[in-house]
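Anchor point for the sequence shown: position 67 equals 86 in my numbering, and the numbering is continuous, going up by one each time. Cβ coordinates follow ideal geometry from the N, Cα and C atoms, glycine included. One structure is given below, encoded as structure tokens.
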Amino acid sequence: MVKELTDGYIIKYHAKGLESDPIEIDFTPPFRRIDMVEELEKIANLNILKDLSSDDTNKYLIDACAKFEIRCALSLTTTRLLNKQWYHLLDNIQLIAASLRSRLVQHKM
């Protein structure tokens, strides 16, 4: 789709508004595949339980959010907690055209 819209694989994205420098996002295949849970464990030195639907996993992720001072208001579902940590911890890491393998059970957010 990027190739069709821009006639190329690289786009510039102003993630923090037009006043900031753009980042280049490269959609050139093949894409690096990243497992969200494995990457979080590696980068944040976490040991996330494999059963993502368990109360213990949810509690662990709530504690991890507190450890990294990640504010997560309202619904504290496992999916929401993982997403908050993902975007907080990886905000300054350029993960280009990554296809996330993790398929999380959808919780109401």
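TODO: Kindly confirm or deny that the segment 88–95 and the segment 33–45 touch, where touching means at least three C-beta pairs closer than 8 Å.
DONE: No, because fewer than three Cβ pairs between the segment 88–95 and the segment 33–45 fall closer than 8 Å, the two stretches do not touch.
Open item on the list: Beta-carbon within less than 7 Å of Y28's beta-carbon, same chain only, minus the 5 sequence neighbours each way: which residues are those?
Closed with: Along the sequence shown, one-based indexing puts residue 28 at 9. Hits under 7 Å: V21, K22, D45, F46 and T47.
- [ ] Please classify I42: does DSSP put it in a helix, a strand, or coil?
- [x] Here residue 42 refers to the residue found at position 23 of the sequence shown. Residue state, collapsed to three classes: strand.
- [ ] Report the rounded CA-to-CA distance for D26 versus L68, giving the unit in angstroms.
- [x] As a first step, residue 26 is located in the sequence shown; it is residue number 7 there, counting from the start. As a first step, residue 68 is located in the sequence shown; it is residue number 49 there, counting from the start. The straight-line gap from Cα to Cα measures roughly 43 Å.
Task: Own chain, CB closer than 7 Å to H33, minus 5 neighbours either side, in chain order - done: Residue mapping note: residue 33 aligns to position 14 of the sequence shown, counting from 1. Correct list, in chain order: S39 and P41.
Task: Cβ separation of T97 and L71, assumed to be a contact under 8 Å, to the nearest whole Å - done: Numbered from 1 along the sequence shown, position 78 holds the residue referred to as residue 97. Numbered from 1 along the sequence shown, position 52 holds the residue referred to as residue 71. T97 to L71, Cβ: 5 Å. Contact.
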